[in-house]
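Chemist:
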Amino acid sequence: MSGNADDYEAVVKASATEGVAEFEGRKGVLVHIQHALHVNPALVPLFVLVMSIILFGLLLGSKFFSPFALTLILQQVQIVGIVAAAQSLVILTAGIDLSVGAIAVLSSVIMGQFTFRYGIPVEIAVICGLAFGTAIGSINGWLVAVMKLPPFIVTLGMWQIVLAANFLYSRNATIRSQEIEAEAPLLQFLGTTFKIGADADGRGGATFTYGVIAMVLIFALLFYVLSQTAWGRHLYAVGDDPEAAQLSGVNVKATLISVYAATGFICAIAGWALIGRIGSVSPTSGQLLNIESITAVVIGGISLFGGRGSILGPLFGALIVGVFTLGLRLAGADAQWTYLLIGALIIGAVAVDQWIRKVSA
Amino acid sequence: MKKLLVGTALAAITSAGAAMADSHGVSACLITKTDTNPFFVKMREGAEAAAAEAGITLRSYAGQVDGDHETQVAAIETCIADGASGILLTPSDTSSIVGAVQQARDAGLLVIALDTPLDPIDAADATFATDNFLAGELIGQWAAAQLGDDAANARIALLDLAVSQPTVGVLRDQGFLQGFGIDLADPNVNGDEDDPRIVGNDVTAGNEEGGRKAMENLLAVDPSINVVYTINEPAAAGAYEALKSIGRENDVLIVSVDGGCPGVQNVADGVIGATSQQYPLRMASLGIKAIAAYAADGTLPENTPGKDFFDTGVALVTDKPAEGVDSISVAEGKDLCWG
């Protein structure tokens, strides 16, 4: 672009001598890395995750680098992880869902209240909770796809509506863990733990919950669906350029509605896992899940501009936050340091995203 | 005819004015942190009942979430504009709201802080609250008495409210330590104690989720923790889940503060060893009576002798009374609980 823009001949001559198909200036290690990252966007968060585990492992020794502590991180991030999986789907379509946490909490409240207030069998109450989450998601999707309202606005409103409904409906009353355990243990199902390698007293060792397994399964399933099915390719296409997708025969509206519905459904599963984790049904839980899930998605390398990123990224993103939180806690640092470093990670992640973008530009 | 009409109209206007003045004569505002937390729901019930009895018009306002400072300031401004006689306020932000409170007092309103003291405490005309330090001290004394000689080797986890260390969280935490017999260092700061029995402090946001995570974090620091102080009962319930997941729920003593009905039930079930109960209904009804007295003849409320606030009482709820520590039974606690 330099100098004389009208001198077309000179440009052609120069490029002819360079050879058309070669990119001499763009070879080198950095470009290979850039290309690798472009093809596998989850590599960056995976690298950061491994590095932070190594760092805290060296810093704290066995207190951190033990099966107990490492699986504790999995337990602590399971809810955020599941919600981040849901959030990823919406963000891949270039949207955003601010109502995820509220949907999760109200779904858990519905499961609890239906069982205890109306005496509905717990299996049906759980299904009602899951159906409710899916329904709210569908409404979000309909407003975005058919009414053409911006996702940010739709879900900002839905967040307030669902959260207010949550407090009003539950009368902000907690259903205690002991009652749930005695009368409706299915509600706590995803909190069931099992251990590998614990000592004779049942201490230490790797501890997993069904909620953690659910998180991993959800990511595995979404990874398969997004990379191997038509729906997955359509989702990426809609996120990248909805008009081009429409012209290529993708039903953009149906795809968007199904994405938001799936997000609502997965959030309801997170609500179920939440009951397992905290034991009780508490309408005050999960207030920060929307921000925490967006954090995990961004650190996980999914582009907020849609159409790019691997679904595995947010899993690593959530784990990075978990590693930092527990690691800094064990190191005795003030909790504010965690927020500060996570803030830096978010900005770093977006910077890396922009840098990788250059390879395709 | 014309004169008659004008006269009637004038009479109507003056009588309407008088009626307006009557209904405006004594009105009061209740501003709580949220209107969904059972604690504040109970507070509003108490205020409504007392206002109905005293013939006072009550308007209730609340923030959208705990920490919603803006809405509370707007509510104070509305009350001033409305010509209320007094405000009962449970501040979300204890120091930032002082300016708005001063405006109300300058306008001649009586401002009483309920439950949470302002910072400084004399920024309000009066404070009707639980003695949070005493509430902490009672559970500290009880925990030390339960352990007996083992108190000397206790491993203590402190589950506090928030990183910003609001007054209520500091008072309960420091009261607990004092009651347990630990040197406080600076009594206005959590976490500066150097007693080796303390494993650490962590924050919970006063809910189950935060309680569980904070307990897990501290157990990762030291799995032999055997005494857990919690800021409130939801945090205690979360801590219990964390202990249960590693099979230690029966050999750890959890103590708490609040006295909500689910919390008292948890004391009955042995989840929590003992809890200090506070009385929101009493705070609000006494507050309304104070506003009525102020509106009638300008009487200002007085503090409890020896304290810089009016103490609305606290009682230790447990079915395992300890010698030398006053307590009430779980059954009595259930009669007085809220939520």
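Taken in sequence, the protein lines are chains Y and S. Just so you know, we're using the working numbering here: the first sequence kicks off at 88 and counts up by one. Just so you know, we're using the working numbering here: the second sequence kicks off at 395 and counts up by one. Virtual Cβ for every residue (Gly too), placed ideally from N, Cα, C.
Give the interface partners of Glu635 of chain S over in chain Y, defined as CB-CB distance under 9 Å, in chain order.
Modeler: Ser264, Gly278, Arg364, Ile365, Gly366, Ser367
Chemist: Just curious, the beta strand (DSSP E) that Gly480 of chain S is in, first and last residue?
Modeler: 480-483
Chemist: State yes or no: is the C-beta of Ala341 of chain Y nearer than 7 Å to some heavy atom of the ligand GTP?
Modeler: Inclusion of the ligand GTP in the displayed structure is not the case, the ligand content being empty and no account of it being possible.
Chemist: With 16 other CB atoms within 10 Å as the buried threshold, where does Pro511 of chain S fall?
Modeler: buried
Chemist: Counting only the same chain and skipping the five closest in sequence on each side, list residues whose C-beta sits under 7 Å from that of Gln736 of chain S.
Modeler: Nothing in the structure corresponds to residue 736 of chain S, since chain S is present only between 395 and 733.
Chemist: Bridge partners for Ile262 of chain Y per DSSP, in chain order?
Modeler: DSSP, once it has assigned bridges, lists Y:Val368 as partnering Ile262 of chain Y.
Chemist: Check each candidate in Y:Phe203, Y:Val126, Y:Ala156, Y:Asn127 and name the one with the smallest Cα separation from Thr412 of chain Y.
Modeler: Y:Ala156
Chemist: Take Val135 of chain Y as the anchor and find which of Y:Arg416, Y:Leu402, Y:Arg444 has the nearest alpha-carbon.
Modeler: Y:Leu402
Chemist: Compile a chain-ordered list of the residues in the region 655-667 of chain S whose CB is closer than 8 Å to at least one CB of chain Y.
Modeler: For the region 655-667 of chain S, which is checked against every Cβ of chain Y, the residues closer than 8 Å are Pro656, Gln659, Asn660, Asp663, Val665.
Chemist: Could you compute how far the alpha carbon of Asp429 of chain S sits from the alpha carbon of Leu675 of chain S?
Modeler: 14 Å
Chemist: Does any residue of chain S bring its CB to less than 8 Å from the CB of Ile429 of chain Y?
Modeler: no
Chemist: Report yes or no: do three or more beta-carbon pairs, one from the region 588-602 of chain S and one from the region 539-557 of chain S, lie closer than 8 Å?
Modeler: yes
Chemist: Would a C-beta distance cut-off of 8 Å place Ala537 of chain S and Val621 of chain S closer than the cut-off?
Modeler: yes
Chemist: Alpha helix (DSSP H) containing Phe295 of chain Y: first to last residue?
Modeler: Taken as a continuous stretch (DSSP letters only), Phe295 of chain Y belongs to no alpha helix (DSSP H), being part of the beta strand (DSSP E) at 293-296.
Chemist: Compute the Euclidean distance between the alpha carbons of Leu308 of chain Y and Pro238 of chain Y, then round it to the nearest angstrom.
Modeler: Taken atom to atom, the span from the alpha-carbon of Leu308 of chain Y to that of Pro238 of chain Y is near 25 Å.
Chemist: With distances taken Cα to Cα, identify the nearest neighbour of Gly404 of chain Y among Y:Met138, Y:Ile197, Y:Val118, Y:Leu117.
Modeler: Here the closest residue by C-alpha is Y:Met138.
Chemist: Report the option in S:Asn626, S:Asp462, S:Ala469 whose CA atom is closest to the CA atom of Arg453 of chain S.
Modeler: S:Ala469
Chemist: Between Cys731 of chain S and the rest of its own chain, which residues show a CB-CB distance below 8 Å, the 5 nearest in sequence each way excluded?
Modeler: Gly653, Gly654, Cys655, Gly657, Val658, Gln671
Chemist: May I ask you to list, following chain order, the residues of the region 163-178 of chain Y that have a beta carbon less than 7 Å from some beta carbon of chain S?
Modeler: For the region 163-178 of chain Y, the residues whose beta carbon sits under 7 Å from a beta carbon of chain S are, in order, Gln163.
Chemist: In angstroms with no decimal places, state the Cα-to-Cα distance between Ala678 of chain S and Ala445 of chain S.
Modeler: If you draw a straight line from the Cα of Ala678 of chain S to the Cα of Ala445 of chain S, it is about 10 Å long.
Chemist: For a test of the three-state rule: what should DSSP assign to Asn626 of chain S, helix, strand or coil?
Modeler: Looking at Asn626 of chain S - three-state DSSP - the assignment turns out to be coil, as it is neither helix nor strand.
Chemist: Look up Gln247 of chain Y in the DSSP assignment and say whether it is helix, strand or coil.
Modeler: helix
Chemist: When DSSP labels each residue in this structure, what does Gly363 of chain Y get in the three-state scheme?
Modeler: In the structure shown, Gly363 of chain Y sits in a helix (DSSP, three-state: H, G or I).
Chemist: Measure from the alpha carbon of Val249 of chain Y to the alpha carbon of each residue in Y:Phe310, Y:Thr316, Y:Gly373, then state which is nearest.
Modeler: Y:Gly373
Chemist: Does Ala631 of chain S get closer than 8 Å to chain Y when you measure Cβ to Cβ?
Modeler: yes
Chemist: Please report the Cβ distance between Thr296 of chain Y and Gly363 of chain Y, rounded to the nearest whole angstrom; I am assuming they are in contact, meaning their Cβ atoms lie under 8 Å.
Modeler: 7 Å
Chemist: Counting only Cβ pairs nearer than 7 Å, list the residues of chain Y close to Pro628 of chain S.
Modeler: Thr261, Ser369
Chemist: According to DSSP, is Val116 of chain Y helix, strand or coil?
Modeler: helix
Chemist: If you measure beta-carbon to beta-carbon, which residues of the region 410-444 of chain Y are closer than 7 Å to chain S?
Modeler: Leu413, Arg416, Leu417, Ala422, Gln423
Chemist: Does DSSP classify Lys282 of chain Y as helix, strand or coil?
Modeler: strand
Chemist: What residue does the alpha helix (DSSP H) around Val325 of chain Y start on, and which one ends it?
Modeler: 317-327
Chemist: Go ahead and pull the three-state DSSP assignment for Ala507 of chain S.
Modeler: strand
Chemist: Strictly below 9 Å CB to CB, what residues from chain Y border Pro432 of chain S?
Modeler: Arg258, Asn259, Ala260, Thr261
Chemist: Give me the Cα-Cα distance between Glu266 of chain Y and Gly182 of chain Y, rounded to the nearest whole angstrom.
Modeler: 40 Å
Chemist: Measuring CB atoms only, is the region 304-321 of chain Y touching the region 416-433 of chain Y, in the sense that at least three cross pairs come out at less than 8 Å?
Modeler: no
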